[in-house]
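First comes the structure, then the notes that go with it.
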Amino acid sequence: MSLVSMRQILDEAAKDGYGVDAVAHLTNPDQAVELVKRTGVDAFAVVIGTSHGA
Numbered sequence: 071m072s073l074v075s076m077r078q079i080l081d082e083a084a085k086d087g088y089g090v091d092a093v094a095h096l097t098n099p100d101q102a103v104e105l106v107k108r109t110g111v112d113a114f115a116v117v118i119g120t121s122h123g124a
């Protein structure tokens, strides 16, 4: 999903009082910073995996 479409989805959901949840396998720190800056999300949770790489 592009940042532009993410921002559009967040804006449309907010109009009706809804939140948005998106999931990725593992979090890339640089991409996470860019996503937060460009979308203005209210909350962000990272995925770091487990000791066996799941």
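Using the working numbering, the first residue of the sequence shown is number 71, and each one after it goes up by one. Beta carbons are placed, not taken as given, at the ideal position from N, Cα and C, and that holds for glycine.
In the structure shown, the three-state DSSP call for Ile118 is coil.
Excluding five sequence positions before and after Met76, the CB atoms of its chain that fall closer than 6 Å to its own CB belong to Thr109, given in chain order. Nearest Cα to Ala84 within the set Ala102, Ile118, Val111 and Asp100: Val111. Judged by DSSP in its simplified three-state form, Thr109 adopts helix.
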